[in-house]
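Q: Line by line, the protein sequences give chains C and E. Everything in the first sequence is counted per the numbering used here, starting at 1 for the first residue and increasing by one. Everything in the second sequence is counted per the numbering used here, starting at 1 for the first residue and increasing by one. Just so you know, even glycine gets a beta-carbon here, dropped at the ideal spot from N, CA and C. Quick caveat, the model's predicted, so the values are computed rather than measured. Here it is, the structure in full.
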Amino acid sequence: MFSVSKKKRTIPGFGLSVGYTIFYLSLIVLIPLSTLFFKTASLDFGAFWEAVASPRTLAAYRLSFGASFIAALVNAVFGFLIAWVLARYSFPGKKIIDALVDLPFALPTAVAGIALTAIYSPHGWVGRPLAALGIKTAFNATGVVLALTFIGLPFVVRTIQPVLEDFDPAVEEAAASLGADRWQTFRRVIFPALFPPLLTGATMAFARALGEYGSVIFISGNMPSKTEIAPLLIMTKLEQYDYAGATAIAVVMLLVSFALFLVINYLQWLGSRRSGMNP
Amino acid sequence: MRKNQTRTEPRIIQRLLIGAALLYLAFFLFLPLGCIFAGALRKGAQVYFQSLAAPDALSAIRLTFLTALVAVPLNLVFGVAASWAIAKFDFKGKNLLLTLIDLPLSVSPVISGMVFILLFGAQGYLGPWLAAHGIRIVFAIPAIILATTFVTFPFVARELIPVMKSQGTEEEEAAVTLGANGWQTFRRVTLPNIRWGLLYGVILCNARAMGEFGAVSVVSGHIRGQTNTLPLYVEILYNEYNFAAAFAAASVLVFLALVTLFAKRLVERKFNEEKSGETS
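Here's what the structure looks like:
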């Protein structure tokens with residue numbers, strides 16, 4: 001208690017910095033976001049339910065959640081592999097590839113969208129040979145999954161890679177000296193330690209994919225009730241000036257996002273407590 | 001030799017894993033990158049430069065820079081204030097404040113744009129008042145800047161808070177005791193310590209500000225030559241089947257993204273050098 005009051009006395013700017021932080025936060029984030037809840041409160045329940053539970057909306061939710069889930073799973077597997085390879089092995093071009101893994105963060109989503117469409121559409125470099133085999137990789141749910149997989153790539157890699165790099169070699173050596181083979185060491189010793197960050201990264205990728213818009217709309221084909229993701233349905237309702245419908249669909253998505261956000265914060269808190277980094 | 005074997009896999013498995021990872025990245029990173037440049041240059045360098053010099057393209061580039069030029073400094077000032085408050089003082093509700101700062105990251109871009117329509121649009125809460133006073137926010141540049149500021153809100157603060165926390169408060173306390181005022185303390189003591197973290201946050205914030213699509217798409221109204229940022233311009237060209245020009249505009253954004261990744265790496269290295277220099 002003493003140190004708290006002393007700190008406040010010596011370093012100036014407490015009132016100014018906290019005051020400005022709360023003022024700016026309210027102005028840019030809290031007030032705009034709260035309009036969504038005010039608008040929802042002004043809807044009567046019938047209209048709300050009609051928008052949220054219509055077959056078209058349910059189909060959009062199903063596609064958004066399903067495709068995001070599959071994309072998160074793909075990213076869990078391949079993100080793990082990429083993090084492992086980058087942290088453990090050396091090969092030519094590793095530094096460049098390590099930097100390029102963040103590309104989906106830095107690349108505007110619209111650019112990712114047209115690039116993926118160009119490659120995976122039936123006329124594209126990859127889409128054409130696959131189409132000859134009868135596999136369609138664009139303008140259907142597969143295309144949605146491809147786009148969501150692309151934008152989720154860095155999350156799992158960047159949550160696992162630092163844990164893998166800091167992994168205590170003595171633990172693995174102990175396992176080996178106790179007679180475990182490499183696969184047993186991986187399965188029983190390394191993987192359990194990596195599971196919490198893997199779960200965190202995959203949940204982040206899932207949360208990001210749920211709200212994603214730009215990279216999906218080019219490759220999905222946007223057919224109502226078939227390949228229409230929830231954010232696109234919100235956009236369509238806004239363009240038709242159906243603000244009530246858009247609000248109802250959006251508030252459901254937003255509540256799910258907030259729930260996932262709290263889950264991610266909790267997972268990160270667990271992780272930092274386990275490694276003893278948190279005070 | 002023996003010790004080495006206990007921590008690594010046989011050569012053949014290593015190669016297989018590296019191969020699988022590179023193959024995956026080829027399909028998801030290298031091919032998309034390559035196809036943008038191939039698509040941009042398909043009709044030759046002349047068409048490429050002509051499409052970038054078109055008046056609509058130039059106006060989109062200008063608006064993109066203008067947006068970043070307003071949104072990034074706003075969030076920079078906020079980031080410094082927020083990290084100063086959170087790192088240097090203890091107060092009630094600090095964890096709540098930290099959570100609220102990260103909030104925009106979990107909001108879908110479409111919803112991020114939509115809230116400004118609910119607030120400032122013709123049917124919005126402030127719409128009638130704005131219309132009566134002849135102020136245009138939605139489907140105009142102010143809403144584009146607001147939506148971009150919302151989306152990039154946490155970027156500087158998120159990078160600065162841990163950096164400033166790790167610096168502690170002793171140096172600032174010493175400066176104040178020696179008679180420096182608040183501004184002098186910040187400029188001479190704190191700023192040199194946080195400069196790489198600050199730059200890192202600005203780089204990430206700027207990349208997102210220039211590349212944001214969903215939120216800006218909702219509020220822009222897509223008026224050619226007026227309310228089109230570069231990512232929106234790419235979409236319009238693409239939907240008009242003007243693929244060469246769409247990919248040309250996209251290649252500018254790819255170039256910006258690659259510069260961002262390079263600058264990010266550079267700052268990371270500087271930052272780590274400085275940290276290891278301090279401890280040794």
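Establish whether the CB of C:Ala250 and some CB of chain E are separated by less than 8 Å.
A: Locating residue 250 of chain C in the first sequence gives position 250, where the first residue counts as 1. Yes, contact with chain E.
Q: Please confirm whether C:Thr227 and C:Asn140 have their CB atoms less than 8 Å apart.
A: Taking the first residue of the first sequence as 1, we reach residue 227 of chain C at position 227. Taking the first residue of the first sequence as 1, we reach residue 140 of chain C at position 140. Against a cut-off of 8 Å, the Cβ pair of C:Asn140 and C:Thr227 comes out as a contact.
Q: What residue does the alpha helix (DSSP H) around E:Gln46 start on, and which one ends it?
A: Within the second sequence, residue 46 of chain E is the residue found at index 46, counting from 1. Per DSSP, E:Gln46 belongs to the alpha helix (DSSP H) from Gly44 to Ala53.
Q: Can you tell which of C:Ser90, C:Gln161 and C:Lys39 has its C-alpha closest to the C-alpha of C:Phe78?
A: In the first sequence, counting from the first residue as 1, residue 78 of chain C sits at position 78. Measuring from the Cα of C:Phe78, the nearest candidate turns out to be C:Gln161.
Q: Using a Cβ-Cβ cutoff of less than 6 Å, which residues in the same chain neighbour E:Ile236 once the five nearest sequence positions on both sides are dropped?
A: Counted from its first residue, the second sequence places residue 236 of chain E at position 236. Counting only Cβ-Cβ distances below 6 Å, and skipping sequence neighbours, we find nothing.
Q: Does the structure place the stretch 199 to 213 of chain E close enough to the stretch 11 to 28 of chain E that three or more beta carbon pairs sit under 8 Å?
A: Flag = no, the stretch 11 to 28 of chain E and the stretch 199 to 213 of chain E do not touch.
Q: So within the stretch 100 to 125 of chain C, which uninterrupted alpha helix (DSSP H) runs reach at least 4 residues, ignoring any that extend past its ends?
A: DSSP runs (the alpha helix (DSSP H)) wholly in the stretch 100 to 125 of chain C: 103 to 106 and 109 to 120.
Q: When you compare the CB of C:Phe78 with every CB in chain E, is at least one pair closer than 8 Å?
A: One-based indexing of the first sequence puts residue 78 of chain C at position 78. Taking Cβ atoms only, chain E reaches closer than 8 Å to C:Phe78, which makes this a yes.
Q: So, is the C-beta of C:Trp49 closer than 8 Å to a C-beta in chain E?
A: On the first sequence, residue 49 of chain C is found 49 positions in, with the first residue counted as 1. No, C:Trp49 does not count as interfacial toward chain E.
Q: Give, in chain order, every residue of the stretch 24 to 37 of chain E whose Cβ lies closer than 9 Å to some Cβ of chain C.
A: Answer in chain order: Tyr24, Leu25, Phe27, Phe28, Leu29, Phe30, Leu31, Pro32, Leu33, Gly34, Cys35 and Ile36.
Q: Contact between the stretch 213 to 226 of chain E and the stretch 112 to 120 of chain E is defined here as three or more beta-carbon pairs at a separation below 8 Å; is this criterion met?
A: Because the criterion of three Cβ pairs below 8 Å is met, the stretch 213 to 226 of chain E and the stretch 112 to 120 of chain E touch.
Q: Name the residue from E:Leu97, E:Gly113 and E:Phe255 whose alpha carbon lies nearest to the alpha carbon of C:Ser26.
A: Mapped onto the first sequence, residue 26 of chain C falls at position 26. It is E:Leu97 whose Cα lies nearest to the Cα of C:Ser26.
Q: Closer than 8 Å, Cβ to Cβ, to anything on chain A: give me those residues from the stretch 21 to 34 of chain C, in chain order.
A: The displayed structure is made up of protein chains C and E, and chain A is not among them.
Q: Work out the CA separation of C:Leu146 and C:Ile11 for me, nearest whole Å.
A: Reading the first sequence from its first residue, position 11 is the one you call residue 11 of chain C. Reading the first sequence from its first residue, position 146 is the one you call residue 146 of chain C. C-alpha separation (whole angstroms): 51 Å.
Q: Whole angstroms is fine: what's the gap from E:Leu199's alpha carbon to E:Ala81's?
A: Within the second sequence, residue 199 of chain E is the residue found at index 199, counting from 1. Within the second sequence, residue 81 of chain E is the residue found at index 81, counting from 1. Cα-Cα distance, rounded: 15 Å.
Q: Can you tell which of C:Gly143, C:Leu153 and C:Thr57 has its C-alpha closest to the C-alpha of C:Gly221?
A: Against the first sequence, residue 221 of chain C aligns to sequence position 221. Selected option, being the one with the closest Cα: C:Gly143.
Q: Under a Cβ-count criterion, where at least 16 other Cβ atoms within 10 Å of its own Cβ denotes burial, should E:Leu58 be classed as buried or exposed?
A: What you label residue 58 of chain E is simply residue 58 of the second sequence in a count that begins at 1. Exposed, since its Cβ has fewer than 16 Cβ neighbours within 10 Å.
Q: Can you give me, in chain order, the residues of the stretch 48 to 76 of chain E that have a beta carbon less than 7 Å from any beta carbon in chain C?
A: Those would be none; no residue qualifies.
Q: Between which two residues does the alpha helix (DSSP H) carrying E:Glu235 extend?
A: Mapped onto the second sequence, residue 235 of chain E falls at position 235. Note, E:Glu235: alpha helix (DSSP H), Leu230 to Asn239.
Q: Do the CB positions of E:Pro109 and C:Tyr213 come within less than 8 Å of each other?
A: Residue numbering aside, residue 109 of chain E sits at position 109 when the second sequence is read from its first letter. Residue numbering aside, residue 213 of chain C sits at position 213 when the first sequence is read from its first letter. Yes, Cβ-Cβ distance for E:Pro109 and C:Tyr213 is below 8 Å.
Q: Closer than 8 Å is the cut-off here; do at least three beta carbon pairs connect the stretch 182 to 201 of chain C with the stretch 97 to 113 of chain C?
A: Segments in contact, no.
Q: If we ignore side chains and look at the alpha-carbon of each, how far apart do C:Lys186 and C:Ser90 end up?
A: Numbered from its first residue, the first sequence carries residue 186 of chain C at position 186. Numbered from its first residue, the first sequence carries residue 90 of chain C at position 90. Here residue 186 of chain C turns out to be Phe, not Lys, going by the sequence shown. When rounded, the distance between both Cα atoms is 19 Å.
Q: Report the residues of the stretch 235 to 250 of chain C with a CB closer than 8 Å to any CB of chain E, ordered along the chain.
A: Within the stretch 235 to 250 of chain C, the qualifying residues are Met235, Leu238, Tyr241, Tyr243, Ala246, Thr247 and Ala250.
Q: Within a Cβ cutoff of 8 Å, which residues of the same chain sit near E:Leu232, ignoring the five residues on either side of it in sequence?
A: One-based indexing of the second sequence puts residue 232 of chain E at position 232. Cβ neighbours of E:Leu232 beyond the five flanking positions: Ala60, Phe213, Val216, Ser217, Ser220 and His222.
Q: If we require 4 or more residues per run, which alpha helix (DSSP H) segments fall completely within the stretch 149 to 213 of chain C?
A: For the stretch 149 to 213 of chain C, whole alpha helix (DSSP H) runs of length 4 or above, ordered along the chain, are 169 to 177, 182 to 185 and 191 to 211.
Q: With a threshold of 8 Å, are at least 3 pairs of Cβ atoms found where one atom belongs to the stretch 40 to 54 of chain E and the other to the stretch 105 to 125 of chain C?
A: Result no; under three Cβ-Cβ pairs closer than 8 Å.
Q: Run through chain E and tell me which residues come within less than 8 Å of C:Leu36, C-beta to C-beta.
A: In the first sequence, residue 36 of chain C corresponds to position 36, counting from 1. Under the 8 Å cutoff, chain E gives Ile111, Met114, Val115 and Leu118.
Q: Residues of chain C with CB closer than 8 Å to the CB of E:Thr177, please, in chain order.
A: On the second sequence, residue 177 of chain E is found 177 positions in, with the first residue counted as 1. The answer, in chain order, is Thr10.
Q: Where are the beta strand (DSSP E) runs, 3 residues long or more, that stay fully inside the stretch 15 to 97 of chain C, in chain order?
A: Runs found: none.
Q: What in chain C is Cβ-close to E:Ser220, meaning under 8 Å?
A: Numbered from its first residue, the second sequence carries residue 220 of chain E at position 220. Near E:Ser220 there are no residues of chain C at all, since even the closest Cβ is about 12 Å away, more than 8 Å.
Q: C:Ala207 and C:Leu260: beta carbons closer than 8 Å?
A: Counted from its first residue, the first sequence places residue 207 of chain C at position 207. Counted from its first residue, the first sequence places residue 260 of chain C at position 260. Yes, the pair counts as a contact, with Cβ atoms nearer than the cut-off.
Q: Which word fits E:Trp129, buried or exposed, when buried means at least 16 other C-beta atoms lie within 10 angstroms of its C-beta?
A: In the second sequence, counting from the first residue as 1, residue 129 of chain E sits at position 129. By the 10 Å Cβ count, E:Trp129 comes out exposed.
Q: Does any residue of chain E bring its CB to less than 8 Å from the CB of C:Ile70?
A: Residue numbering aside, residue 70 of chain C sits at position 70 when the first sequence is read from its first letter. With 8 Å as the cut-off, C:Ile70 does not count as an interface residue toward chain E.
Q: Beta-carbon of C:Ser257 versus every beta-carbon of chain E: anything under 8 Å?
A: As a working note, residue 257 of chain C is residue 257 in the first sequence. Yes - at least one Cβ of chain E is within 8 Å of the one on C:Ser257.
Q: So, for C:Pro154: in the same chain, excluding its five sequence neighbours on each side, which residues have a beta-carbon less than 6 Å away from its beta-carbon?
A: Stepping through the first sequence from its first residue, residue 154 of chain C is reached at position 154. Taken in chain order, the residues that qualify are Val101, Asp102, Pro104 and Phe105.
Q: With a 10 Å radius around its C-beta and 16 neighbouring C-beta atoms as the bar for buried, classify C:Met253 as buried or exposed.
A: Against the first sequence, residue 253 of chain C aligns to sequence position 253. When all chains shown are included, C:Met253 counts as buried.
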